[in-house]
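Beneath this line is the structure, given in structure tokens, with notes to follow.
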Amino acid sequence: MLHLYIARHGQTQWNVEKRMQGWLDSDLTELGLYNARALGERLKDIELNQVYISPSKRTEETAKTVLGSRRLPLVKDHMFREMSLGSWEGKKQEDIERDEPDLFHAYFHYPEAYRQQGCETFFDFENRVRLALQTILDSHTSGSVLLVTHSVFILMLLNIIKGRRVHDIWNSAYIHDTSLSLVEFDENGTAKILIEGDGKHRKPISAF
Numbered sequence: 004m005l006h007l008y009i010a011r012h013g014q015t016q017w018n019v020e021k022r023m024q025g026w027l028d029s030d031l032t033e034l035g036l037y038n039a040r041a042l043g044e045r046l047k048d049i050e051l052n053q054v055y056i057s058p059s060k061r062t063e064e065t066a067k068t069v070l071g072s073r074r075l076p077l078v079k080d081h082m083f084r085e086m087s088l089g090s091w092e093g094k095k096q097e098d099i100e101r102d103e104p105d106l107f108h109a110y111f112h113y114p115e116a117y118r119q120q121g122c123e124t125f126f127d128f129e130n131r132v133r134l135a136l137q138t139i140l141d142s143h144t145s146g147s148v149l150l151v152t153h154s155v156f157i158l159m160l161l162n163i164i165k166g167r168r169v170h171d172i173w174n175s176a177y178i179h180d181t182s183l184s185l186v187e188f189d190e191n192g193t194a195k196i197l198i199e200g201d202g203k204h205r206k207p208i209s210a211f
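Residue numbers for the sequence shown follow my numbering, so the first one is 4 and each next one is one higher.
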């Protein structure tokens, strides 16, 4: 039996500013680091066999904070990065919605129709996430693995596991910073979602 623990990176400055990140990066906030340490405490008794991360600075810093003193190598791979957003990256959502309302609407409401020049479509992204998941399953048939990645990646991964269409990607629980999902795979590769987007370890922004 394989247990795949899936965590989103900690809150970043661009998250606070409501900027789209994609393949670009911004620093973790103090709250982001706090919640990453809290997630580490939550997972402290789990014997992890491997840790996979996207090459983004925000995921690497989150993973290192979650692991604390644990000596586990981080396997970085571009397969685990967020969906590319091209010219939107670094821009505030409100500005994108104002300047490109139809495309912005398609992104959140009709993802199958979303097309931005030079960027992944949701179908391209779905194929990449499938490949990323298969890479993990080909390498691990048992034990516990941690994947630290991004919100839309996690939504797509869970969407694939649920056997749903690209159109349904947004119809899941919101993936907050450092939220945890857990998927169990049996010896036949059959998946069961045990935890989805859970953030009980997180300190709310209002209390920070």
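Ideal Cβ placement from N, Cα and C applies to all residues, glycine included.
Query: State the Cα-Cα distance for the pair L42 and V69, rounded to the nearest angstrom.; Result: 6 Å
Query: By the DSSP assignment, the beta strand (DSSP E) with K195 in it spans what residues?; Result: 194-201
Query: Assuming I9 and I157 make a contact with CB atoms under 8 Å, what is their CB distance in whole Å?; Result: 6 Å
Query: Can you name the residues that DSSP bridges to Q16?; Result: DSSP, once it has assigned bridges, lists no residue as partnering Q16.
Query: Relative to the C-alpha of D48, which candidate in Q137, V78, S147 has its C-alpha closest?; Result: S147
Query: Is the Cβ-Cβ distance between V169 and E115 less than 7 Å?; Result: yes
Query: Whole-angstrom Cβ separation of E64 and W26, contact assumed at under 8 Å?; Result: Rounded, the Cβ-Cβ distance is 16 Å, inconsistent with contact.
Query: Contact between the stretch 118-135 and the stretch 82-96 is defined here as three or more beta-carbon pairs at a separation below 8 Å; is this criterion met?; Result: yes
Query: Tell me whether the beta-carbon of M4 lies closer than 7 Å to the beta-carbon of S142.; Result: no
Query: Excluding the 5 residues preceding and the 5 following F188 in the sequence, name in chain order all residues of the same chain whose CB lies nearer than 6 Å to its CB.; Result: L5, A194
Query: Give me, in chain order, the residues of the same chain whose beta-carbon lies closer than 7 Å to that of T124; leave out the 5 immediate sequence neighbours on both sides.; Result: Y117, R118
Query: Does the beta-carbon of G202 have 16 or more other beta-carbons within 10 angstroms, so that it is buried, or is it exposed?; Result: buried
Query: Just to confirm, is the Cβ distance from N18 to T181 under 7 Å?; Result: no
Query: If we count the other Cβ atoms within 10 Å of its Cβ and call it buried at 16 or more, is D105 buried or exposed?; Result: exposed
Query: Would you please state the rounded distance, in angstroms, between the beta carbons of R11 and I178? I believe it to be under 8 Å.; Result: 5 Å
Query: With distances taken Cα to Cα, identify the nearest neighbour of S184 among A109, L160, D28.; Result: L160
Query: Can you grab the Cα-Cα spacing for the pair S154 / T62, in whole Å?; Result: 11 Å
Query: What did DSSP end up calling K79 once you bin it into helix, strand or coil?; Result: strand
Query: Does the separation of the CB atoms of D80 and S59 fall below 7 Å?; Result: no
Query: Report yes if the CB atom of L51 is closer than 7 Å to the CB atom of A66, and no otherwise.; Result: no
Query: Around the Cβ of S57, are there at least 16 other Cβ atoms within 10 angstroms (buried) or fewer (exposed)?; Result: buried
Query: So, for E100: in the same chain, excluding its five sequence neighbours on each side, which residues have a beta-carbon less than 7 Å away from its beta-carbon?; Result: F107
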